[in-house]
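Numbering (our numbering), first residue to last: 6 to 463.
Ideal placement from N, C-alpha and C gives every residue a C-beta, glycine not left out.
Only a predicted model underlies this, so the values are computations on that prediction, with no experimental measurement involved.
These notes are about the structure you will find just below.
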Ligand SMILES: [Zn+2]
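Structure follows, in structure tokens:
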């Protein structure tokens, strides 16, 4: 006897779309076949797509930054996630000077235990190697604890998060030996600081100058440098939130040369250009890297369609409207980051619905590839034995995004007014209904920590 059968839907998994019923038992996918029968609950998915839940590999929840804390904690952030069809969220646990990796992640994990509405994993963000570089000796223990990817920052010097090139190479080498995938935020900090200095002198500090302080070539240089080092020591590298045409070209060249380079982008780089910073609410769009010019947006759209981009994630990092306003006359005072955790999967699926990418490609980008790259063996597809993280998507349902119909604690969204054709109508987390037609129906704390496998993609 099965617990749940999802009947008559179009199942998207493994690069194809097939009409098949999905049977769930004890939170796992237990059967796939025509005319399944015998379950306590039957969900009719006629006219719907049946998809694996999205895996958002890039979020910042309950994160102190820019003089405040992100508007979403673990509860509201993961609640918003499941209401948009995302059932696994990766958060950044930022290691500070002198802190251990496992110790840092454990603290964050404790916060999630009573709050998480979806399953969760952590990338540790490494900012300091400690006395006599003792942190390098902890990489094995971190991997054993299930932390098999680390984030590194080539920027945020003043915030104490930047690492230099020397440390970057040491981390890459040790990570390669221990089965850990290094993520990098690639921008050139010195050029950014020099630009900001110039704009301050000339008194031009409105939101658009945030973009001008971090133009395309600032990312391009750092992406090339990061790839150069990773290729030199033959370590795999994952570039987060790729936003520039030059960065796309650099990643493309590295892949062509056979290097294990993976690229992530975010929906906001696919939708918007730097013109948003000229809007009266331009400060709301301040994030780093900023939205770039139309050439970059077009290159990213193409890369998403043709396979060069490996994953789409959100970089969800919301701040209240009043906090974004701190930088109205000086963009450096606006905390960097935007909301996106609830809109990512609906947005990417709407591209599939409009025929710009295929449904299997949307699923690959948002679920299968991040699960594979980051060692979430039970996630990312609808196969027998995997977790029954399942989304029912109604391709006909119209939906207009508004802060009022999101489930985040943020008070605004950069996606306000976006009209989508098609929207998720149900989300199951390990077989349990957690989102139902506009309502969160789960229980905070039911999300589980994912102990991840070591990196093994070639
Ligand atoms: Zn980020």
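N-terminal and C-terminal residue of the beta strand (DSSP E) that residue i is part of
i: residue 424; result: 424-434
i: residue 403; result: 395-405
i: residue 30; result: 26-30
i: residue 266; result: 266-270
i: residue 204; result: Note, residue 204: premise wrong, no beta strand (DSSP E); alpha helix (DSSP H) at 194-207.
i: residue 419; result: Unbroken run through residue 419: none, as it is neither H nor E.
Under the three-state DSSP convention, the category residue i falls into
i: residue 38; result: strand
i: residue 60; result: strand
i: residue 181; result: helix
i: residue 70; result: strand
i: residue 543; result: With the chain running from 6 to 463 in the structure shown, residue 543 is simply not present.
i: residue 437; result: strand
i: residue 215; result: helix
i: residue 91; result: strand
i: residue 382; result: coil
i: residue 172; result: helix
i: residue 325; result: coil
i: residue 53; result: coil
i: residue 361; result: coil
i: residue 300; result: helix
i: residue 134; result: coil
i: residue 229; result: helix
Distance between residue j and residue i (C-alpha atoms, nearest Å)
i: residue 422; j: residue 342; result: 19 Å
i: residue 57; j: residue 46; result: 19 Å
i: residue 326; j: residue 181; result: 41 Å
i: residue 312; j: residue 208; result: 43 Å
i: residue 166; j: residue 144; result: 19 Å
i: residue 295; j: residue 248; result: 8 Å
i: residue 321; j: residue 23; result: 32 Å
i: residue 9; j: residue 387; result: 14 Å
i: residue 382; j: residue 246; result: 23 Å
i: residue 74; j: residue 67; result: 6 Å
i: residue 60; j: residue 353; result: 13 Å
i: residue 76; j: residue 331; result: 15 Å
i: residue 307; j: residue 252; result: 13 Å
i: residue 428; j: residue 141; result: 45 Å
i: residue 385; j: residue 372; result: 5 Å
i: residue 172; j: residue 390; result: 40 Å
i: residue 404; j: residue 283; result: 27 Å
i: residue 18; j: residue 309; result: 18 Å
i: residue 211; j: residue 36; result: 56 Å
i: residue 376; j: residue 334; result: 41 Å
i: residue 300; j: residue 447; result: 42 Å
i: residue 256; j: residue 339; result: 30 Å
i: residue 92; j: residue 48; result: 19 Å
i: residue 233; j: residue 177; result: 12 Å
i: residue 201; j: residue 71; result: 16 Å
i: residue 329; j: residue 418; result: 12 Å
i: residue 120; j: residue 289; result: 27 Å
i: residue 110; j: residue 27; result: 35 Å
i: residue 193; j: residue 393; result: 42 Å
i: residue 107; j: residue 410; result: 37 Å
Candidates the options: closest to residue i by CA position
i: residue 175; options: 209, 100, 389, 238; result: 238
i: residue 69; options: 393, 437, 324, 452; result: 324
i: residue 445; options: 122, 345, 302; result: 122
i: residue 293; options: 299, 160, 328, 379; result: 160
i: residue 302; options: 221, 256, 187, 340; result: 221
i: residue 147; options: 105, 228, 116; result: 105
i: residue 264; options: 462, 53, 44; result: 462
i: residue 357; options: 235, 368, 449; result: 368
i: residue 168; options: 135, 186, 149; result: 135
i: residue 51; options: 449, 400, 407; result: 400
Start-to-end residues for the alpha helix (DSSP H) that takes in residue i
i: residue 352; result: 349-358
i: residue 110; result: 106-118
i: residue 77; result: Taken as a continuous stretch (DSSP letters only), residue 77 belongs to no alpha helix (DSSP H), as it is neither H nor E.
Closer than 8 Å to chain D by CB, residue i
i: residue 424; result: Although the question refers to chain D, the structure presented lacks it and comprises just one protein chain.
Does the stretch 78-92 come within contact of the stretch 403-421, defined as at least 3 CB pairs closer than 8 Å? yes
Pairing CB atoms from the stretch 98-105 with CB atoms from the stretch 423-433, are three or more of them under 8 Å? no
Across the stretch 358-371 and the stretch 433-444, are there enough close Cβ pairs to call them in contact, namely three or more that are closer than 8 Å? no
Would the stretch 446-457 count as touching the stretch 138-154 if we require 3 or more Cβ pairs under 8 Å? yes
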